[in-house]
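Novice: Below you will find the structure I want to go over with you.
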Amino acid sequence: MSLYDQLGGKPGIGRLVADFYARISSDPGLDQWFARADHTRYRAQLRAYFAVSLGGPEEYRGGDLRTVHGDMGISRAAFDTVIDHLSAALVAVEADPDVARKVTRELRSLRAIVVTPPGS
Numbered sequence: 000m001s002l003y004d005q006l007g008g009k010p011g012i013g014r015l016v017a018d019f020y021a022r023i024s025s026d027p028g029l030d031q032w033f034a035r036a037d038h039t040r041y042r043a044q045l046r047a048y049f050a051v052s053l054g055g056p057e058e059y060r061g062g063d064l065r066t067v068h069g070d071m072g073i074s075r076a077a078f079d080t081v082i083d084h085l086s087a088a089l090v091a092v093e094a095d096p097d098v099a100r101k102v103t104r105e106l107r108s109l110r111a112i113v114v115t116p117p118g119s
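For the sequence shown, numbering that gives the first Met the number 0 gives the first residue as 0, with consecutive numbering after it.
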């Protein structure tokens with residue numbers, strides 16, 4: 000069974016992304032990336048990305064993560080903060096702890112793609 004299914008399929012991913020996005024978009028430490036964001040579009044893209052990357056049958060039509068995040072100047076600390084918010088959101092939606100660990104590990108694996116190397 001996919002992580003997508005273990006999180007409750009489309010409704011479960013929707014709940015997870017709603018909680019997660021509320022956390023990251025309201026964190027003052029992440030404000031430089033979310034203050035002027037098109038929140039409706041970002042949430043929809045994030046939901047689609049989570050669904051696909053966790054084994055769901057949905058379609059992600061956004062850009063590849065390296066291109067999308069490449070010029071954003073995302074630090075390792077900011078990325079870690081986002082992962083912390085993901086962990087908190089997984090707890091809030093009462094995801095099974097083993098599933099939560101797997102989801103967090105999956106998203107944490109994107110660090111090298113999303114984080115801008117120091118000095119870049």
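Built from N, CA and C at the ideal position, the CB exists for glycine as well.
1) Three Cβ pairs or more, each shorter than 8 Å: is that satisfied between the stretch 67 to 82 and the stretch 12 to 31?
2) Do you know how far the Cα of E57 is from the Cα of Q44?
3) Quick check: the Cα distance between F49 and A76, rounded to an integer number of angstroms?
4) Just tell me which of R104, V114 and L53 has its CA closest to the CA of G7.
5) Ends of the alpha helix (DSSP H) at E105?
6) Taking only the alpha-carbon atoms, compute the straight-line gap between G13 and A87 and give it to the nearest angstrom.
7) Which residues mark the beginning and the end of the alpha helix (DSSP H) in which T80 is found?
8) M71 and W32 look like a contact to me (Cβ under 8 Å); what is the Cβ gap, rounded to whole Å?
9) Just mark G28 as buried or exposed, buried being the case when its beta carbon has 16 or more other beta carbons within 10 Å.
10) How would you label A111, buried or exposed, when you count the other beta carbons within 10 angstroms and need 16 or more for buried?
Specialist: Quick answer:
1) In this structure the stretch 67 to 82 lies against the stretch 12 to 31, because at least three pairs of beta carbons, one per stretch, are closer than 8 Å.
2) Position 45 of the sequence shown, counted from the first residue, corresponds to residue 44. Position 58 of the sequence shown, counted from the first residue, corresponds to residue 57. If I take the Cα positions, the gap works out to 11 Å.
3) What you label residue 49 is simply residue 50 of the sequence shown in a count that begins at 1. What you label residue 76 is simply residue 77 of the sequence shown in a count that begins at 1. F49 and A76: Cα-Cα distance of roughly 21 Å.
4) Position 8 of the sequence shown, counting from 1, holds the residue named residue 7. Closest option to G7, Cα to Cα, is L53.
5) Position 106 of the sequence shown, counted from the first residue, corresponds to residue 105. That run of the alpha helix (DSSP H) goes P96 to R107.
6) Here residue 13 refers to the residue found at position 14 of the sequence shown. Here residue 87 refers to the residue found at position 88 of the sequence shown. Whole-angstrom Cα-Cα distance: 15 Å.
7) As a first step, residue 80 must be located in the sequence shown, where it is residue number 81. For T80, the enclosing alpha helix (DSSP H) stretches over residues R75 to A91.
8) As a working mapping, residue 71 is identified with position 72 in the sequence shown. As a working mapping, residue 32 is identified with position 33 in the sequence shown. Contact holds; Cβ gap of about 6 Å.
9) Here the question's residue 28 lines up with position 29 in the sequence shown. That one is exposed.
10) In the sequence shown, counting from the first residue as 1, residue 111 sits at position 112. Flag for A111 reads exposed.
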